[in-house]
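The numbers in numbering that gives the first Met the number 0 rise by one with no breaks, and the one at position 92 of the sequence shown is 91.
Some notes on the structure that comes next.
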Amino acid sequence: MKSEQCATYIDKALEIEDYLQYKLKGEFGNRSYAYSDFCGTQCETSDAVNIFLTMFRDQQIKKTAHVKLTYPSMDVFGHRIYLANNIFQVQINNRSSIVEGSKLVAINFHAIYNNETMYEIMRQWEQKLFDYSLSTINDPLIRVYVTSEGLVSEEVRRTGILAMPLMGVTFLIILLFTVLTTLKKDPVRSKPFEAFLGVICPLLSLCASFGHLFWMGFEYLPIVTVVPFLILSIGVDDVFIFIHAWHRTPTKHSVRDRMAETLADAGPSISITSLTNLLSFGIGIFTPTPAIYTFCVFISTAVIYDYVYQIFFFSAILVLGGDREERRMNAYLWWKHVPAIDEKEAQKPGKFTQTMNRLLTKILDLWVDFIMATWSKFLIGGIMLAYWVFMARGVMQIAVGLSSEKLFLDDSPLLPLVRLQTNVIFKEGGQVAVFVNNPGNMSEPDAVPEIMRILRRFETANNSVGAASTHMWLLPYLPYVGEQEHGSIDFKYRYLPEFFKLMEYRRWSHFVNLGSHQDCLAEKPSCLEKFVFSTGFHDAVSWSDRLELLENWRQMASEYQHLNLTIYEDFSMYSDQLLTIVPVTESTVLCALFCMILILTLFTPSPVTIVTSTAAVLSINLGVFGCLVYMNIDLDPISMTTLLMAIGFSVDFVAHVTWHYYKGEFNSKRARIRHALAGIAWPMFQAGTSTMLSISVLALIHAYMVQVFVKVVVLVIFLGMIHGLVVLPVVFALLPFSKTSGPQKKKIAPIHEMKAGPCPIKEEPKL
Numbered sequence: 000m001k002s003e004q005c006a007t008y009i010d011k012a013l014e015i016e017d018y019l020q021y022k023l024k025g026e027f028g029n030r031s032y033a034y035s036d037f038c039g040t041q042c043e044t045s046d047a048v049n050i051f052l053t054m055f056r057d058q059q060i061k062k063t064a065h066v067k068l069t070y071p072s073m074d075v076f077g078h079r080i081y082l083a084n085n086i087f088q089v090q091i092n093n094r095s096s097i098v099e100g101s102k103l104v105a106i107n108f109h110a111i112y113n114n115e116t117m118y119e120i121m122r123q124w125e126q127k128l129f130d131y132s133l134s135t136i137n138d139p140l141i142r143v144y145v146t147s148e149g150l151v152s153e154e155v156r157r158t159g160i161l162a163m164p165l166m167g168v169t170f171l172i173i174l175l176f177t178v179l180t181t182l183k184k185d186p187v188r189s190k191p192f193e194a195f196l197g198v199i200c201p202l203l204s205l206c207a208s209f210g211h212l213f214w215m216g217f218e219y220l221p222i223v224t225v226v227p228f229l230i231l232s233i234g235v236d237d238v239f240i241f242i243h244a245w246h247r248t249p250t251k252h253s254v255r256d257r258m259a260e261t262l263a264d265a266g267p268s269i270s271i272t273s274l275t276n277l278l279s280f281g282i283g284i285f286t287p288t289p290a291i292y293t294f295c296v297f298i299s300t301a302v303i304y305d306y307v308y309q310i311f312f313f314s315a316i317l318v319l320g321g322d323r324e325e326r327r328m329n330a331y332l333w334w335k336h337v338p339a340i341d342e343k344e345a346q347k348p349g350k351f352t353q354t355m356n357r358l359l360t361k362i363l364d365l366w367v368d369f370i371m372a373t374w375s376k377f378l379i380g381g382i383m384l385a386y387w388v389f390m391a392r393g394v395m396q397i398a399v400g401l402s403s404e405k406l407f408l409d410d411s412p413l414l415p416l417v418r419l420q421t422n423v424i425f426k427e428g429g430q431v432a433v434f435v436n437n438p439g440n441m442s443e444p445d446a447v448p449e450i451m452r453i454l455r456r457f458e459t460a461n462n463s464v465g466a467a468s469t470h471m472w473l474l475p476y477l478p479y480v481g482e483q484e485h486g487s488i489d490f491k492y493r494y495l496p497e498f499f500k501l502m503e504y505r506r507w508s509h510f511v512n513l514g515s516h517q518d519c520l521a522e523k524p525s526c527l528e529k530f531v532f533s534t535g536f537h538d539a540v541s542w543s544d545r546l547e548l549l550e551n552w553r554q555m556a557s558e559y560q561h562l563n564l565t566i567y568e569d570f571s572m573y574s575d576q577l578l579t580i581v582p583v584t585e586s587t588v589l590c591a592l593f594c595m596i597l598i599l600t601l602f603t604p605s606p607v608t609i610v611t612s613t614a615a616v617l618s619i620n621l622g623v624f625g626c627l628v629y630m631n632i633d634l635d636p637i638s639m640t641t642l643l644m645a646i647g648f649s650v651d652f653v654a655h656v657t658w659h660y661y662k663g664e665f666n667s668k669r670a671r672i673r674h675a676l677a678g679i680a681w682p683m684f685q686a687g688t689s690t691m692l693s694i695s696v697l698a699l700i701h702a703y704m705v706q707v708f709v710k711v712v713v714l715v716i717f718l719g720m721i722h723g724l725v726v727l728p729v730v731f732a733l734l735p736f737s738k739t740s741g742p743q744k745k746k747i748a749p750i751h752e753m754k755a756g757p758c759p760i761k762e763e764p765k766l
C-alpha cells in the first residue's frame, strides 16, 4: 500500500474514532449527550486504538525511527499495551516482527448506568451510533459495523414484529378452512356460525392470557410471537372434534341430551390433550433460560384459558346452535324458518353426496382391512424398525450449538459483523477476567506468590496467548513498592492510594476496589477489598469451544475457594446456555412421557392403551429429534423451544385415537378400530391440515427462528398423523385388549335436575 493511500485510511480511522468518542451525540430531553457523559470509569477503553493508529501513522508516514509497533503487545514509554483485543487481521514483517498493516479495528465502548435516565441516554446514543454505521455502507474507505446487547435485542424483536401481521392471514386461512369443511347440504344441521365462533375461542383465550400475564408484569419477547399460531391450532383442533361429535349424536334427542353425549364423546379427548399440552409446556417453566421460561409461561397460560373457553363458551355456542337446529331455523339466514318438508328433502343426500359417502365408506373399510391383515403388521413392523434405526442414528449425531446468526433475519444489518466476530475476532482474540473477591491478607509471605502462580496457570492454560496479553496491576505495583522501600518488594498497602493517583498508573485503578484511606495507611487487609486481572486467549470460534475453555477456567478457580475467584468472559452468558440444553431437553421428554402415562391411566386405564400410546409418543419424538440432523438444525435454545411444542403436539394425535379406541363398546377388534377411525380420523385430518396451512404462511419470513418452527410443526403433524392413524391401529389390532368397564356400563352418567314440588329430584331417561 502506498504511503499516501495508507495515510488516507489511517486519517479516516482516526477521524471516526474521534467522532465516536467525543462528537457523536444522542438526544434526550432538551440536551445532547456524548459518550464521555456516561462512560464513567470506562472512558479510556478506546485509547489502545488511538495510540496504535497514531503510532502506526508515525511509523508509516513520518518514518519515525524510535516507533516500533509489535504485536500482540506494543511498548509505549515502558508501558505494555495489549493490541489483540482491538487490532485484527494484522500483517507482520517476518524478519522484524513489526506491524505492517491491519484490516480490522474494533473499538469497545463500555457504559455504566445506574438509573433509567442514564439507560435511556445510553440507548439513544447507541441508536445514533447504529444510524451512523448505516451511513458508511457506501463509504469508499472504511465501513463501520456496530453491535451491542441492545441492538441485538431490537433486531430479534424485529423478527417477531415481522411475523405479527401474518397472524391475520393465518386467522383468515383457518377461518375459511374451518367453516368450509364443516358445511353441510342440510341448511338446518350445517354449522357455519358455530365454526366461526369456534375459531374466535382461541383468540379470546389469547387476549385473556396475554392480558393476565402483562398485568402481572411479564415482558413480551420475540419468541412469544409463535404462541398465537400454536393456540389457534390447538383451539381449532378442539372445535373440529366438538362439531364432529355433535353431528354424530341422534337428531331425535333433545338439545340437552345431545350436548351431554357430545361432551361425553369429545370432552375426555380434549381434556387429555389439553392436560398433556399444559404439562409438556409447563415443564419448560423450570428451565433457567429466560426466553424458554417466558415462552412456556405464555403458552401454558393460553392453553388453560383455551380449555376453559372450549368447554364453557363453545359448548354454549353449540347449545344455541342445537336450539336453532331444533327449531329448524336456517343456518345461513338464521331468521328464516326451514319447513319440515324442505328439511327432509335437504337431508336426502344427492347423487354426488351418495357417491362420496360410498367412496369414503369403502376407503374406511379398506383401511381397516389393511390394519387387520397379517401381512400389514409385518410391513409396518419392518418400516418402523428401519425408521427407528434411521432416526436413532440422527439423534446420536445431534450437535449442541449456538450461533448469533440464527437470531436475525437474512437481511439484518448486524449479520456482517456477526460473521466477522465468528471468523476473525473470536479466532484471533478474547480476554478472560478473573475476579479475586476475597484477597485476604496480601502482606503474608505466601499471598502474592500464590496470586502470581494462579496468574501463570491462566497464562499457560489451553488456547491462552500468554504473558504478553496479561493485565495485572501487581506487575507495575511491586516495582513501585521497591522504589519506595529502597529495593524491598514486599507487598505494602499504604502505597496503593498514591499509586493509583499517578497519571502513568491511573488506568490500573479500574482493576481494584479499595477500602478506606485510613485502612491503607494502617496496613489493614480491608484496604484491598477485591481486584481483577485478565489474560488473553485465541482460537475459540465455536460456542462449544468457548464453553470448554470456560469450564476449564472455572475448574481452576474452584481450587482456590479461600480467594473466592469468579470467572468472567464477555460472551459467557451465551456459552452457559449450552450447559442447560441437553439436560433440559432430556428431562422434558421424560416428564412428558410420565405425564402421558399418568393422564392415560386416569382416562384409559388399560395396560395396552397406556403402553402403546406412550411408545407412540416416544416414537414420534424420536423422529422429530432425529430429523434435526437431516434438516441441518442444531440443538439450541430456539430449536429446544420448538421441540417443547412438538412434544405437546405429538401427544394430541395419539391421545385422540387412543381415547376413541378405548371407549368403543365393541367385542371385536375390527369393530372397535373401525369405530375409533370413523369417530376421529376426519377431525384429525382437518386439524392437521388447518395447522399446516396456517403455519405455511410463516415460511415467507426468512429467519432461522421462524423456519425451525415451521419445519418442526409440519414434521410433528406428519409423524403424528402417521402414528395415530396407521401405526397405532396396527398395534391395537395385534395386541389383546380389555378394560374394566363393559357394555353393561352406562356411557353417560344420569343427569339430575332440581325441581320444586313434592318430588324434588327427577331422573332424566337413561341414554
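Beta carbons are placed, not taken as given, at the ideal position from N, Cα and C, and that holds for glycine.
Everything numeric in this text was worked out from a predicted model, so none of it was measured.
Who pairs with Y567 in a beta bridge, going by DSSP? Here Y567 is bridged, per DSSP, to A432.
CA-CA distance, K102 and K11? 13 angstroms
Just the C-alpha distance for D57 and G481, rounded to the nearest angstrom, thanks. Distance from the CA of D57 to the CA of G481, rounded to the nearest whole angstrom, comes to 35 angstroms.
Between the stretch 317–325 and the stretch 198–208, are three or more C-beta pairs nearer than 8 angstroms? no
Alpha helix (DSSP H) runs wholly inside the stretch 435–513, at least 4 long, in chain order: 446–458, 473–483 and 495–500
7 angstroms Cβ shell around L714 - same chain, five flanking residues per side excluded: V623 and C626
Opposite V98 in the DSSP bridges: which residues? I91
Would you say the stretch 530–546 touches the stretch 428–442, given that touching needs at least three Cβ pairs under 8 angstroms? At 8 angstroms Cβ cutoff, the stretches touch.
Leaving out the 5 sequence neighbours to the left and right, which residues in its chain are closer than 8 angstroms to E153 when beta-carbon positions are compared? none
Our contact map puts V725 next to I379 with C-beta atoms below 8 angstroms; I'd like the distance itself, whole angstroms only. 7 angstroms
Return the CA-CA distance between K570 and V540, expressed in angstroms with no decimal places. With the sequence shown as reference, residue 570 is identified as Phe, and Lys is not the correct amino acid for it. Rounded to the nearest angstrom, the two C-alpha atoms are 12 angstroms apart.
What does H74 pair with, by DSSP beta-bridge criteria? Here residue 74 is Asp; the residue named in the question, His, does not match the sequence. Its beta-bridge partners are R79.
Taking only three categories from DSSP, how would you classify R30? strand
Taking the alpha carbon of K190 as the reference point, which residue from I316, L358 and T641 has its own alpha carbon closest? I316
In this structure, does DSSP put M163 in helix, strand or coil? Reduced to three states, the DSSP call for M163 is coil.
Cβ-based neighbour list, S403, same chain, cut-off 6 angstroms, excluding 5 preceding and 5 following: V417
Whose C-alpha, out of S667, V656, L419 and Q20, is nearest the C-alpha of Y34? Q20
Residue burial classification, Y703 (beta-carbon count within 10 angstroms, cutoff 16): buried
Would F490 be called buried (16 or more neighbouring beta carbons within 10 Å of its own) or exposed? With 16 or more Cβ atoms within 10 Å of its Cβ, F490 is classed as buried.
Measuring only the C-alpha atoms, how far is S411 from P164? 19 angstroms
Report the residue from G687, G723, I646 and S689 whose alpha carbon sits nearest the alpha carbon of G283. I646
Which class does V531 belong to by DSSP, given the choice of helix, strand or coil? DSSP places V531 in the strand class (E or B) of the three-state scheme.
When the Cα atoms are used, what is the spatial distance from P742 to I160? Residue confidence is low: P742 scores 45 on pLDDT, short of 50, so the model does not pin down where it sits. Its coordinate-derived value is still stated next. Approximately 55 angstroms between the Cα atoms of the pair.
Three-state class that DSSP yields for G400 in the structure shown: coil
Hey, out of F285, F313 and D236, whose CA is closest to A680's CA? D236
According to DSSP, M390 sits in a beta bridge with which residue or residues? Beta-bridge pairing by DSSP links M390 to no other residue.
State the DSSP-derived secondary structure class of I60, mapped to helix, strand or coil. Reduced to three states, the DSSP call for I60 is coil.
I'd like to check one pair, D635 with L408: are the Cβ atoms closer than 9 angstroms? no
Could you tell me the alpha carbon to alpha carbon distance between L546 and E568, rounded to whole angstroms? Approximately 10 angstroms between the Cα atoms of the pair.
Backbone secondary structure at L676 - three-state DSSP: helix
Look at the Cβ atom of S695, then the Cβ atom of V709, and state whether they are nearer than 9 angstroms. yes
Residue range of the alpha helix (DSSP H) that includes F297: P289 to V307
In terms of alpha-carbon separation, which member of M644, L520 and N107 lies closest to V774? In this structure the chain extends from 0 to 766, so residue 774 is not present and cannot be described.
Report all residues from its chain with a CB closer than 7 angstroms to the CB of K183; omit the five preceding and five following residues, and keep chain order. S189
Using a 10 Å radius around the Cβ and a threshold of 16 neighbouring Cβ atoms, would you call V168 buried or exposed? exposed
Report the partner residues of V187 according to the DSSP bridge assignment. In DSSP, V187 forms no bridge with anything.
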